[in-house]
DNA sequence: GTCTATACCAAGATAGAC
DNA sequence: GTCTATCTTGGTATAGAC
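Residue numbers (my numbering), protein chains in the order written: chain A, 6 to 191; chain B, 6 to 191.
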């Protein structure tokens with residue numbers, strides 16, 4: 006069952022799920038143990054982490070590293086698209102990045118004030134990804150990023166594609182929008 | 006100190022703050038009592054509500070009613086703007102509505118699965134406000150709403166105006182964006 | 001590295017005096 | 001309507017046997 010993934014890693018997985026689903030306060034060590042196949046309530050967990058707080062920080066750090074790696078991989082492997090498709094591809098990649106960071110975003114929204122460094126960790130991580138688009142210098146990109154962000158978050162709120170717009174439709178419309186506003190040099 | 010606001014109402018206030026800040030699981034009845042001026046840990050709370058769950062539902066219902074009233078009032082009292090300012094005004098009102106619903110949004114994001122009806126309550130409330138803009142019929146408005154939503158949520162994540170864009174700047178750029186895309190009939 | 005057992009405490013909730 | 005006292009459960013965390 007446990008395969009080759011270490012218990013520590015499975016704990017980090019389960020913990021991140023729980024923290025982002027029910028918050029830090031709603032997460033119990035017993036439930037973490039249950040999810041990774043340990044007997045609940047027996048504190049076996051404490052052979053892997055010293056405390057719930059340490060687990061929280063470790064889970065966030067781990068997820069940040071994973072997200073950054075995944076987004077970087079997505080950027081590197083993307084093949085050069087046709088000139089008139091370039092915006093769709095870029096927007097699609099942006100949306101995937103947002104989705105990949107979803108649990109961290111929700112964690113910040115629900116626990117951002119509990120652990121101030123959480124915002125810093127993710128903030129610097131995102132900046133390091135080259136996503137540091139300032140409003141002054143790249144207003145159009147910030148606008149597009151906002152639209153994708155709203156589509157994502159409102160979709161979470163509604164628990165379905167926002168206002169019935171599929172990802173493809175939305176991105177396609179957004180790309181057309183952007184072309185009109187700021188036509189490509191080519 | 007307590008003025009004329011009933012203890013029950015002050016409990017609803019404090020509870021909504023706590024639920025949206027630290028989640029349902031992170032909120033303790035003792036802390037609620039403390040915030041409304043009752044002795045903590047004495048269960049005086051239970052003279053006003055039967056359980057924590059009931060409090061949660063009541064707090065959400067109360068906040069939904071308040072938000073809807075506030076947004077409706079904002080819509081009704083807005084004076085007729087100049088023709089070329091109409092988009093700014095509409096966008097500003099949209100953003101204010103989003104901000105007003107902020108705590109409910111965050112509550113759904115963090116506790117949406119705990120209480121399924123939460124999504125329904127807020128969903129129907131928003132639909133009743135005339136904000137039921139479908140993608141098929143009003144793609145432009147959905148796009149603008151998404152952009153404002155992303156601006157709002159990313160601002161929360163960063164705990165500052167998203168990428169350094171002030172509300173005025175962002176709305177103004179978004180309005181220009183929209184004028185280009187879909188010029189007014191006038 | 002996992003379980004048994006346990007210490008300690010906080011939480012949700014109730015009964016009853018005032 | 002608030003407090004005292006209390007019950008019960010569940011949570012964090014530790015010590016030690018296997």
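Here a beta-carbon is modelled for each residue, glycine too, at the ideal position from N, C-alpha and C.
Taken through DSSP and simplified to helix, strand or coil, residue 143 of chain A comes out as coil. Around the CB of residue 184 of chain A, fewer than 16 other CB atoms lie within 10 Å, so the residue is classed as exposed. Its Cα nearest to that of residue 93 of chain B, the residue B:173 stands out among B:11, B:9, B:133 and B:173. Using a CB distance cut-off of 8 Å, residue 69 of chain A does not count as an interface residue toward chain B.
The beta-carbon of residue 178 of chain B is placed less than 8 Å from the nearest beta-carbon of chain A. Under the Cβ criterion of 8 Å, residue 129 of chain A is not counted among the residues facing chain B. Within chain B, the residues whose beta carbon sits less than 7 Å from that of residue 141 of chain A are 169, listed in sequence order.
Between residue 31 of chain A and residue 29 of chain B, the C-beta gap is smaller than 8 Å, which places the two residues in contact.
The C-beta of residue 34 of chain A comes no closer than 8 Å to any C-beta of chain B. Unbroken alpha helix (DSSP H) stretches of 4 residues or longer found wholly inside the stretch 111 to 167 of chain B: 122 to 131 and 144 to 163, given in chain order.
For residue 185 of chain B, the neighbours in chain A by C-beta distance under 8 Å run, in chain order, 185 and 186. Contact annotation, residue 179 of chain A with residue 149 of chain A: C-beta distance approximately 6 Å; criterion of less than 8 Å satisfied. Interface with chain B (8 Å Cβ-Cβ cutoff): residue 21 of chain A is excluded.
Boundaries of the alpha helix (DSSP H) around residue 35 of chain A: 34 to 40. Taking the Cβ atoms as the reference, residue 50 of chain A lies roughly 16 Å from residue 10 of chain A, outside the contact range of under 8 Å.
Along the stretch 68 to 106 of chain B, the alpha helix (DSSP H) occurs as fully enclosed runs of 4 or more residues at 91 to 105, listed in sequence order. Closer than 8 Å to the CB of residue 48 of chain A there is not a single CB belonging to chain B.
Apart from the 5 residues on each side of it in sequence, residue 111 of chain B sits with its Cβ closer than 6 Å to the Cβ of 25 in its chain, given in chain order.
With three or more CB-CB distances shorter than 8 Å, the stretch 137 to 154 of chain B counts as touching the stretch 156 to 164 of chain A. Boundaries for residue 54 of chain A: no alpha helix (DSSP H) harbours it, and the DSSP string shows neither H nor E there. By the neighbour-count criterion, in which a residue is buried when 16 or more other Cβ atoms sit within 10 angstroms of its Cβ, residue 89 of chain A is exposed. The beta carbon of residue 12 of chain A sits closer than 7 Å to those of 41 and 53, all from its chain and outside the five residues before and after it, given in chain order.
Residue 125 of chain B has its alpha-carbon roughly 19 Å from the corresponding atom of residue 77 of chain B. CA-CA distance, residue 186 of chain A to residue 46 of chain B, rounds to 59 Å. When 7 Å is used as the limit between beta carbons, residue 60 of chain B is near no residue of chain A, the shortest such separation being about 16 Å. Bounds of the alpha helix (DSSP H) holding residue 22 of chain B are 12 to 31. Collapsing the DSSP output to three states places residue 169 of chain B in a helix.
Between residue 148 of chain A and chain B, the shortest Cβ-Cβ separation is below 8 Å. If you check the CB distance, residue 72 of chain A and residue 109 of chain A come in under 8 Å. Taking 8 Å as the CB threshold, residue 135 of chain A stays off the interface with chain B. Scanning A:119, A:70, A:167 and A:87 for the CA closest to the CA of residue 144 of chain B turns up A:167. DSSP, reduced to helix, strand and coil, places residue 108 of chain A within a helical segment of the structure shown. It is roughly 43 Å from the alpha-carbon of residue 165 of chain B to the alpha-carbon of residue 44 of chain A.
In the displayed model, residue 9 of chain A falls within coil according to three-state DSSP, outside both helix and strand. Proximity of chain A to residue 97 of chain B at the Cβ level (cut-off 8 Å) is not reached, the minimal Cβ distance being about 16 Å.
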